[in-house]
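Asker:
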Amino acid sequence: MEQYSVLRKELIHELETYLVGPRAIDEILGKEIRPMQLYLTGKLVPFGSTSDVVNERDLAIETHVEVSEEEINEQLTMKKMFRPSTMGLSFKLKELTTVEIEASWAIYEKKEHKRISQSEKWKVNLFPNSTDTLENLNNSKYGKVRFTVTYRNDLYHVNIFLMNSLKRENQYPEQDEVMFQSSLKVHIPNSKVAKFTSKADQYHVQNELLYRDKEELAIGHGVGVDWETLQNTTTIYSTWMPQYELPNVGHFEDENLSLKMKDLSEQPIDKLNETLSAIPTAYKTWMDNEIKIVNELPDYLKVEAEQNIQKVKNIIKRLEEGISLVTESNDSLCYLAFQFANRAMLLQRAQSEVAQKYRTTGERIKPKLDGEWRLFQLIFLLMNIAGASDEQHKDREIVDLIWFPTGGGKTEAYLGVAAYVMAYRRLIAPNQIDKYAGITVFMRYTLRLLTTQQFQRAAALICAAEVLRKPNANLFGEEPFSIGLWIGKDSSPNRFKDAMEKLEQLLEGKEVKSGNPIQLMNCPWCGSKLGPEQYKIEKNSQKIFCSNQGCAFKHGIPVYTIDEAIYKKLPTLLIGTVDKIAQLPWKQDMHELFGNKNVYHRELGFEYRDSTPRGYSRINRLKPPELIIQDELHLISGPLGSLTGLYEVAIDLLTRNNGKPAKVIASTATISGADEQIKALYGRNMQQFPLAIQKANDNFVSKEVPTTEKSGRYYVGICAPGVSNKIQAIQTYSAYATITRSEAKFKVDPYHTMLGYFNTVKELAGMVTTFKDEINSRLNMLDPTNKFEHDLIVEELTSRKKAQEIPQLLTQMEKMLDEEGVLDAVLATNMISVGVDVDRLGTMFVQGQPKTTSEYIQATSRIGRKHPGIVLVLLNSMRSRDLSHFERFKAYHQALYRHVEMMSVTPFAKGALYKGLTGTFIGYIRQTIMEINAEQSPKKIAQLQKEIDAATVQFLERVQDAYDETIEAEVKELLKWWLEMAVKYAESKLGYKESRYVKSYLLKNFSEEVKAQDARPAMMSLRNVEATIEIEVLKS
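So the mapping is simple: the working numbering equals the position in the sequence shown, first residue as 1, plus 18.
Have a look at this one:
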């Protein structure tokens, strides 16, 4: 790992010599190589010149004209600057002092473009409200330094600028008039420097507490800025490629804490109690030390810290309660379920490694049963034991939020709780299928790509659970553990008939463009490839067989990818996209997913029937899902979040058992104001875990690791004022590709494939063309001695890709440098931000600052998983927000999580109610009252007034905390309209949706042409809820 850290540092330095220069201190470029075209940034051109620069051979010689004194202020405050004539930095002082200023740059002389470096340093006494200009720097005709001092808010504000003082109005500057590699540096006594402060957000006091050691000492102007403190002096300096290494998060380790899954699954009660009790003891010791620090804080910060202390105390209390339940007795259900969860996660971990090894190398290895929990994962499981076991427990009402950096193990944390819940439900009554069967855990994601990837991981857990169940059916029941993928007909088929047709096409070697039943590409247990031959789909069933005759699942993998199979089999764990809940009013049998079944067949599954078909037995209604897991919570925001929050009202009510809701767990790596977001989404309070008390970098279970001990991701800002985005990208990609392909020591796998991130598909599409047309040719210009074997191999990862192409691309992205078909570049949109885990990737290019810090963190976390990563951020100087990020690059990155924006979720706003209330309320009524569930039964509403009234009261009680009386009025108006429709079509057929069997219908899609004038629009999906509009430009 250390060799890659050193190599990365050298690579970034080499890149800087390509983009800023110089390639050599005393370089002579020769007549044909023009420095203005060679170097991208770090240049100051004469004031007033055009943005283009040509060689003086192409110009008539002009007399050098200097900028007059009165024009200097205009130069410093220009708003629409192309190529800059000035750059500078600002800092604050507590009191005035003497500072030392250094300025340097280089000129390339006319004929052979020989580099001539110039520099000057001097000491300056600063005076209040003063302005001064330093001239004749090193006998230079061009360079001037200007500084101003102003006094406000009890501090002295100092601005220092380096400028090119030549003037060329509307003319091309000559090559030897441009100042290259320009630099400013200021040395200040430590005690005099003041920091910049910000109170821009409502959580600023909490953030000030947690990030109080992350000081911002300077701001750049048209340039990046950095600072360092050594002994008694603070040095502030400009940089054209600002850099910051983001430290990794290290997991808490203590040899006195046993985290081995195997030990925890086998230890007797007394030993287990001893093992687990060490955790809250260590937790309390850490908290006590934190309290000592808090007691020394200023009062206003102490108030904030004390709130955090109370929250941590509550976490410890829940942890201790969980340990108490698990270690109550040898035959307690909590103990048995905890053992099962540990064994299942142990097997899942081991077999996932077996499967991964076979998928990537074709080698069969034996499973290693040496899996360990990370401390935060085990604590999260234990603190959820009480709420997961007892539906009457107060913790059942709380949303538990796992907040942990990407790649830290959040998935395993909530899968551990899922394993416990699945086991506990079966242990209660293993001989009564209607007490334990049905969907137990409902996991939801926002992106189909993420859903299918997590499906592979969760499928391994289900296989592990099934391996444990078979010899212990007396404890865990005869019905197999199973998993289903519920993501929509574009990705997987809805019906057996459709799936059979698609499978036949695949067996004939034809391409399936949508609804591919083969969503599991490899056996989750052994890694063997699964093709159409391993899928068996009949009239009423789906089965998947592993092709490996030595696999435990050669007779069938408990996985379902067809909607119809999911409705019949009710898999123990259901994974789906959040937008599927919009089907509530449209799909008659959705109530069955919530346990509303009454007959059972061992092979065919469950049905809801008025009579009992042959071969079926009558059963009581099943329990609804007990655990809902929402991953990537930060994505449930904006219009999607608002509509999701509205539909969650129905989901909450449909998952209630004995009046108590399902347990909800959410996870994210980036969130701010989570309590408000969760309240809006689920109508509940939340508990975040883990939680820092007084420093963001330490929360007991994890701690920031100094970069001197372990390398973090290295962020580098690149911004070239006056240069188009396209040119900036061409030069940066080309320089990087040249370095990593022509210099032997940089030809290493982690830094070979360039992963590009783009904010829009439009920007990405332009870059695909640029790679083909311009970057390939520039490679040979930068290094003519090396003839590259082939043009760069470039792929894109965007929504333009077909669903079945994504897994193939992900597999190709895993190919290493020495393998055929290795990719040179992958250009992606925000599809890359979640769920794409390709460990070998080490370099990302970010094209423009993403819209949110959350998105920025998520996207850039995709690289540097295995080896130290590099993030090159290409910022657009013509966008004020991008330029601001460049000028404050270090300050932003050293407190990155502080800048995560709050998510906006307003489920009961007027717009959300218009879009979602009809579907939510009618869907809830339809799936709750069976007499009105059938497709042609809406007009029965008049005969079911008592039931309708009772359901309406429940609905309104669920939203009573929401906001005002608007919702009640809207619901009553909906019911009035529904009754009117029932009366109007009393003598004819009224349906929920359009079909040839009905005269009219209640619901239509928002995009549907108006046929039934009295039908009301309802969402069919929550995907793409922000509709596009067409704008017609009329002639004036």
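C-beta atoms are modelled at their ideal positions from N, C-alpha and C, and glycine is treated no differently. Note that the coordinates shown come from a computational prediction; the quantities given were computed from them, not determined experimentally.
Taking the alpha carbon of R392 as the point to measure from, which residue in E381, I403, G425 has its own alpha carbon closest?
Answerer: Sequence index remark: in the sequence shown, residue 392 carries index 374 (1-based). Here the closest residue by C-alpha is G425.
Asker: Find the nearest neighbour of S1039 within the set M259, M363, K129, D508, judged by alpha-carbon distance.
Answerer: Mapped onto the sequence shown, residue 1039 falls at position 1021. Cα-wise, what sits closest to S1039 is D508.
Asker: Do you know whose CA, among S201, L319, K958, lies nearest G39's CA?
Answerer: In the sequence shown, counting from the first residue as 1, residue 39 sits at position 21. That would be S201, whose Cα lies nearest to the Cα of G39.
Asker: Could you check the C-alpha separation between I985 and F926 for me, to the nearest Å?
Answerer: Translated into the one-based positions of the sequence shown, residue 985 becomes position 967. Translated into the one-based positions of the sequence shown, residue 926 becomes position 908. Going from the Cα of I985 to the Cα of F926 covers about 8 Å.
Asker: Count the other CB atoms, across all protein chains shown, that sit within 10 Å of the CB of A821; report buried if there are 16 or more and exposed otherwise.
Answerer: For the purposes of this step, residue 821 is taken as residue 803 along the sequence shown, with counting starting at 1. So A821 ends up on the buried side.
Asker: Using a Cβ distance threshold of 8 Å, determine whether the segment 637-656 contacts the segment 437-457, with at least three qualifying pairs required.
Answerer: Yes, they touch.
Asker: In this structure, does DSSP put Y775 in helix, strand or coil?
Answerer: As a first step, residue 775 is located in the sequence shown; it is residue number 757 there, counting from the start. If DSSP states are grouped into helix, strand and coil, Y775 belongs with the strands.
Asker: Are the segment 738-755 and the segment 334-349 touching, with three or more C-beta to C-beta distances below 8 Å?
Answerer: The segment 738-755 vs the segment 334-349: no contact.
Asker: Whose CA, out of D1032, Q552, M948, K1002, lies closest to the CA of E1012?
Answerer: Taking the first residue of the sequence shown as position 1, residue 1012 is located at position 994. It is D1032.
Asker: Considering S201, what are the terminal residues of the beta strand (DSSP E) in which it resides?
Answerer: By one-based count along the sequence shown, residue 201 stands at place 183. Per DSSP, S201 belongs to the beta strand (DSSP E) from 198-207.
Asker: Enumerated in chain order, which unbroken segments of the beta strand (DSSP E) with a length of 3 residues or greater are wholly contained in the segment 714-799?
Answerer: Runs of the beta strand (DSSP E) inside the segment 714-799: 720-722, 731-736, 772-776.
Asker: Please report the straight-line C-alpha distance between H885 and T253, rounded to a whole angstrom.
Answerer: Along the sequence shown, one-based indexing puts residue 885 at 867. Along the sequence shown, one-based indexing puts residue 253 at 235. C-alpha separation (whole angstroms): 31 Å.
Asker: Put M862 into one of helix, strand or coil per three-state DSSP.
Answerer: As a first step, residue 862 must be located in the sequence shown, where it is residue number 844. M862: strand per DSSP, three-state reduction.
Asker: Could you name the residues that DSSP lists as bridge partners for I555?
Answerer: In the sequence shown, residue 555 corresponds to position 537, counting from 1. DSSP output for I555 lists Q560 as bridge partner(s).
Asker: From this set, R361, Y438, F422, which residue's C-alpha is nearest K386's C-alpha?
Answerer: Position 368 of the sequence shown, counted from the first residue, corresponds to residue 386. The candidate whose alpha carbon is nearest that of K386 is R361.
Asker: From which residue to which residue does the alpha helix (DSSP H) around W304 run?
Answerer: For the purposes of this step, residue 304 is taken as the residue at position 286 of the sequence shown. From DSSP, the alpha helix (DSSP H) with W304 extends over 287-312.
Asker: For my contact list, Y255 and Y733 are in at a C-beta cut-off of 8 Å; report their separation, rounded to the angstrom.
Answerer: Taking the first residue of the sequence shown as 1, we reach residue 255 at position 237. Taking the first residue of the sequence shown as 1, we reach residue 733 at position 715. About 18 Å; that fails the 8 Å criterion.
Asker: DSSP state of L538, grouped into three classes?
Answerer: Position 520 of the sequence shown, counted from the start, is the residue given in the question as residue 538. Three-state DSSP puts L538 in coil, outside helix and strand.
Asker: List in chain order: all unbroken alpha helix (DSSP H) runs of 4+ residues lying wholly within the segment 580-649.
Answerer: You should have 581-587.
Asker: Expressed to the nearest angstrom, what Euclidean distance is found between the alpha-carbon atoms of E610 and T946?
Answerer: By 1-based counting over the sequence shown, the position of residue 610 is 592. By 1-based counting over the sequence shown, the position of residue 946 is 928. If you take the alpha carbons of E610 and T946, they lie about 10 Å apart.
Asker: With burial defined as no fewer than 16 other Cβ atoms inside 10 Å of the residue's Cβ, what is the status of V891: buried or exposed?
Answerer: Residue mapping note: residue 891 aligns to position 873 of the sequence shown, counting from 1. Answer is buried; the Cβ neighbour count reaches 16.
Asker: As a quick exercise: from F358, N540, M831, pick the residue whose alpha carbon is nearest that of A482.
Answerer: The count along the sequence shown starts at 1 and reaches residue 482 at position 464. Checking every option, the nearest Cα to that of A482 belongs to F358.
Asker: From which residue to which residue does the alpha helix (DSSP H) around D693 run?
Answerer: One-based indexing of the sequence shown puts residue 693 at position 675. Run containing D693: 692-700, per the alpha helix (DSSP H) assignment.
Asker: L77 by DSSP, collapsed to three states: which one?
Answerer: As a first step, residue 77 is located in the sequence shown; it is residue number 59 there, counting from the start. The predicted position of L77 is uncertain, since its pLDDT is 29 and thus under 50; a value taken from the coordinates is nonetheless stated next. In the structure shown, L77 sits in coil (DSSP, three-state: anything other than H, G, I, E or B).
Asker: Cα separation between L935 and I480?
Answerer: By 1-based counting over the sequence shown, the position of residue 935 is 917. By 1-based counting over the sequence shown, the position of residue 480 is 462. Each residue's alpha carbon lies about 36 Å from the other.
Asker: Do V142 and I1067 come within 8 Å of each other at the CB atom, strictly closer than that value?
Answerer: In the structure displayed, the chain extends from 19 to 1054; residue 1067 sits before or after that span and is not available.
Asker: If we ignore side chains and look at the alpha-carbon of each, how far apart do K531 and I555 end up?
Answerer: Counted from its first residue, the sequence shown places residue 531 at position 513. Counted from its first residue, the sequence shown places residue 555 at position 537. Their Cα atoms are separated by approximately 19 Å.
Asker: From the DSSP output, which residues share a beta bridge with H911?
Answerer: Taking the first residue of the sequence shown as 1, we reach residue 911 at position 893. None, per the DSSP bridge assignment.
Asker: From N171 to L235, what distance separates their C-alpha atoms?
Answerer: Translated into the one-based positions of the sequence shown, residue 171 becomes position 153. Translated into the one-based positions of the sequence shown, residue 235 becomes position 217. N171 and L235: Cα-Cα distance of roughly 16 Å.
Asker: Please state whether DSSP places Y932 in a helix, a strand or coil.
Answerer: Walking along the sequence shown from the start, residue 932 turns up at place 914. Y932: helix per DSSP, three-state reduction.
Asker: If V211 sits next to F109, beta carbons under 8 Å apart, how far is it from one beta carbon to the other, in whole angstroms?
Answerer: Counted from its first residue, the sequence shown places residue 211 at position 193. Counted from its first residue, the sequence shown places residue 109 at position 91. At roughly 7 Å, the Cβ-Cβ gap stays under 8 Å, so V211 and F109 are in contact.
Asker: If I measure Cβ to Cβ from V989 and keep anything under 8 Å in the same chain, skipping five residues before and after, which residues do I get?
Answerer: In the sequence shown, counting from the first residue as 1, residue 989 sits at position 971. Contacts found: L935, F939, T970, F973, L974.
Asker: Can you tell me which of N177, R133, S135, D842 puts its alpha carbon nearest to the alpha carbon of T151?
Answerer: One-based indexing of the sequence shown puts residue 151 at position 133. It is N177 whose Cα lies nearest to the Cα of T151.
Asker: Please classify N326: does DSSP put it in a helix, a strand, or coil?
Answerer: Counting from one through the sequence shown, the residue named residue 326 turns up at place 308. Reduced to three states, the DSSP call for N326 is helix.
Asker: Among the residues of its own chain, which have a CB less than 6 Å from the CB of G887, if the five just before and after it don't count?
Answerer: For the purposes of this step, residue 887 is taken as residue 869 along the sequence shown, with counting starting at 1. If we look at G887 and ignore the five residues flanking it on each side, its Cβ neighbours are R731, G860, I881.
Asker: Going by C-alpha to C-alpha distance, which of N616, M608, V596, I536 sits closest to V577?
Answerer: Numbered from 1 along the sequence shown, position 559 holds the residue referred to as residue 577. Selected option, being the one with the closest Cα: I536.
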